[in-house]
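Working notes, beginning with the structure itself.
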Amino acid sequence: MPLLEARQIVKVYPNGVRANQDVSFAIEQGEIHAIVGENGAGKSTLMKILYGLETPTAGQIVLRGQPVHIDTPHRAIDLGIGMVHQNFMLVDSFTVAENIALGREPGNGLVVNRAQAIADTRRLSETYGLHVEPTARVETVPVGMRQRVEILKALYRGAEILILDEPTAVLTPRETNDLFAAIRNLIKERKTVIFITHKLREVIEISDRVSVMRDSRMIGTVTTRDTTIPGLARMMVGREVFMVVDKPPVQRGKSVLAVRNLTCANEAGRAVVNHVSFNVHEAEILGIAGVEGNGQTELVETLAGLRAPTAGQVLVDEQPIHGLGPRKVREARVTHIPEDRLTNGVARESSIADNLIVDRYYRAPFASGGLLNPAAILQNGRNMVQEFGIVTRDAEQPVGSLSGGNMQKVIVAREFSSSPRLLIAAQPTRGVDIGAIEFIHQQLVNRRTAGLAILLVSADLQEVMKLSDRIMVMYNGEVVAMFRNTPDVTEEKLGLYMLGGTRQTAAEMEAQS
Ligand SMILES: Nc1ncnc2c1ncn2[C@@H]1O[C@H](COP(=O)(O)OP(=O)(O)OP(=O)(O)O)[C@@H](O)[C@H]1O
Ligand SMILES: [Mg+2]
27 MPLLEARQIV KVYPNGVRAN QDVSFAIEQG EIHAIVGENG AGKSTLMKIL YGLETPTAGQ
87 IVLRGQPVHI DTPHRAIDLG IGMVHQNFML VDSFTVAENI ALGREPGNGL VVNRAQAIAD
147 TRRLSETYGL HVEPTARVET VPVGMRQRVE ILKALYRGAE ILILDEPTAV LTPRETNDLF
207 AAIRNLIKER KTVIFITHKL REVIEISDRV SVMRDSRMIG TVTTRDTTIP GLARMMVGRE
267 VFMVVDKPPV QRGKSVLAVR NLTCANEAGR AVVNHVSFNV HEAEILGIAG VEGNGQTELV
327 ETLAGLRAPT AGQVLVDEQP IHGLGPRKVR EARVTHIPED RLTNGVARES SIADNLIVDR
387 YYRAPFASGG LLNPAAILQN GRNMVQEFGI VTRDAEQPVG SLSGGNMQKV IVAREFSSSP
447 RLLIAAQPTR GVDIGAIEFI HQQLVNRRTA GLAILLVSAD LQEVMKLSDR IMVMYNGEVV
507 AMFRNTPDVT EEKLGLYMLG GTRQTAAEME AQS
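So in this note's numbering, spot 259 of the sequence shown is number 285, and the numbers just go up one at a time.
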């Protein structure tokens, strides 16, 4: 008998979207079960139904052979089902231990026995090898630790089945390895894990079985060792996916972005970007390789006008833009696909069509004589939805109703279409499915070939290597190497510089610039 079964689940959202259509699948006790599928296929919806966050329109959930009604997360927790979301849901101003214990003691409301909470957190954290700092405030801990807090919180509440919705989307490769080690510990303790990801390599590495969703339906469940990455991709997309980009050689043009001795201090006064200098030219993709947390985020924020540098200069077409603020930077035709799409990217309540023009609503054809032109705005929205394959009923839907990956596509579409001089793409394919990755990669390269200057920052080294004309390595806030992207620039070679094992001399860097 399976541990947990979904039988013919149907979910129709109030706006009429059918997110799940006759979905049936089964989870066995003690397995790691991966769920894959394109953006908008219905994965998160199905998980929210299992966790009591959404009510199914029809169908049945069966736990250990018994039909159950999971109408609230509270009920799910009572039944031993825990979930960690695509977007975290912790209380920032509370400590790690408080968050883990919060709401556990019935009748006690928000009151937490602190000493007990800290002791319990330590014990759990050791049992599963999920390292956290019990007394740190959640707002001060890195994203990987926040996620471990969410997992511990679910375990503390007695989760036997743990649902993880895209847990690795926000993790560095190293944190992903740590998470996988913790998942294996959970399995040793007879827990069961359901795991959503867009990275098929991870599916092959960690899962026992994998279920594939496409267009709101369950296509099937296969045993992981009987399948391959191309096989899974085909099931997901319904066609062959090649994942190759067509990247013709091109003569780069003049320098567009010039960064000179740029230095940024963090709140504690430490230089997190330290005397960084480089150029990005017309018709060139400069990729930044580096372990996350080595200054890339702060560098991008400074270039985009979201952070003021402590020293140095940023020039676009020889005009200084540092310290101008995001709006002026945009007016200098610098666009930015932000790494954190939920806080910097979209207005959730507004429609897709409106989000696509927030930076240009006052210009033709979207406005004339001070009046907005709703028809033009809507038409533009429809065109972009079509071109970028955004899964939605129509362009008038609020962005908040989109799946995670489709929100990302809205941002990418908006930034691509603003006719920039410089495009800063930070983690542009984070959370998007393989078909969309293929599309975004080809778009980036096409625009570079057409003359755009692109700065690419990605935690995915293979992405950097595939797309870049030059690769710059950052370590500890500094530029430690620069390479023309030739076949002898391998992952191993870059890795050495990324981990601080070695660095180039100024002359060596100059020679590759
Ligand atoms: N609250 C909501 N209201 C209306 N429609 C919704 C809502 N949440 C999701 N949808 C729609 O349901 C469909 C499935 O979305 P879901 O979030 O389940 O996809 P997903 O497979 O998790 O995608 P992703 O890989 O991008 O996270 C999408 O078309 C989405 O727009
Ligand atoms: Mg999702």
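Every residue, glycine too, gets a C-beta built ideally from N, C-alpha and C.
Residue i - containing beta strand (DSSP E), residue span
i, result
"glutamine 488", "Where glutamine 488 is concerned, there is no enclosing beta strand (DSSP E), although the alpha helix (DSSP H) it sits in stretches over 487–493."
"glutamate 176", "Not the beta strand (DSSP E): glutamate 176 falls in the alpha helix (DSSP H), residues 169–182."
"glycine 108", "107–110"
"lysine 37", "30–38"
"leucine 89", "84–89"
"tyrosine 501", "496–501"
"leucine 116", "Careful: leucine 116 lies outside any beta strand (DSSP E) and carries neither H nor E."
"valine 270", "Taken as a continuous stretch (DSSP letters only), valine 270 belongs to no beta strand (DSSP E), as it is neither H nor E."
Residue i and residue j closer than 8 Å at C-beta
i, j, result
"leucine 482", "alanine 451", "yes"
"leucine 283", "alanine 479", "yes"
"valine 298", "glutamate 324", "yes"
"isoleucine 378", "glycine 407", "yes"
"proline 168", "isoleucine 144", "no"
"valine 229", "methionine 261", "no"
"alanine 315", "isoleucine 189", "no"
"asparagine 409", "threonine 418", "no"
"glutamate 308", "lysine 273", "no"
"asparagine 528", "leucine 522", "Here the sequence assigns threonine to residue 528, which means asparagine is not the residue at that position. Contact flag set, yes."
"glycine 108", "alanine 180", "yes"
"leucine 116", "valine 158", "no"
"glycine 503", "asparagine 320", "yes"
"glutamate 57", "arginine 235", "yes"
Residue i classed as buried or exposed, judged by whether at least 16 other C-beta atoms fall within 10 angstroms
i, result
"lysine 354", "exposed"
"proline 132", "Here the model assigns proline 132 a pLDDT of 44, short of 50, so the residue's position is not dependable, and the following value carries that caveat. It is exposed - the Cβ of proline 132 has fewer than 16 other Cβ atoms within 10 Å."
"threonine 455", "buried"
"tyrosine 387", "exposed"
"leucine 448", "buried"
"alanine 334", "exposed"
"asparagine 125", "buried"
"arginine 389", "exposed"
"lysine 435", "buried"
"leucine 525", "exposed"
"histidine 95", "exposed"
"glutamine 112", "buried"
"isoleucine 35", "buried"
"methionine 535", "buried"
"lysine 37", "buried"
"methionine 73", "buried"
"glycine 371", "buried"
Host alpha helix (DSSP H) of residue i (start-end)
i, result
"phenylalanine 442", "430–442"
"histidine 100", "99–104"
"valine 122", "122–127"
"methionine 73", "69–76"
"arginine 510", "Note, arginine 510: premise wrong, no alpha helix (DSSP H); beta strand (DSSP E) at 504–510."
"methionine 262", "255–263"
Residue i: CB within 7 Å of a non-hydrogen atom of ligand 4
i, result
"lysine 37", "Of the ligands this structure carries, namely ligand 1 and ligand 2, none is ligand 4."
Indicate whether the contact test is met: 3 or more Cβ pairs, each with one atom in the stretch 472–492 and one in the stretch 394–404, closer than 8 Å.
-> no
Would the stretch 93–111 and the stretch 460–476 be scored as touching if the rule is three or more Cβ pairs under 8 Å?
-> no
Are three or more beta carbon pairs between the stretch 109–123 and the stretch 145–164 nearer than 8 Å?
-> yes
Indicate whether the contact test is met: 3 or more Cβ pairs, each with one atom in the stretch 240–249 and one in the stretch 48–57, closer than 8 Å.
-> yes
Is the stretch 254–268 touching the stretch 424–440, taking contact as three or more C-beta pairs under 8 Å?
-> no
Is there contact between the stretch 78–88 and the stretch 187–204, where contact requires at least three CB pairs shorter than 8 Å?
-> no
Pair every Cβ in the stretch 210–217 with every Cβ in the stretch 179–189, then say whether three or more of these pairs are closer than 8 Å.
-> yes
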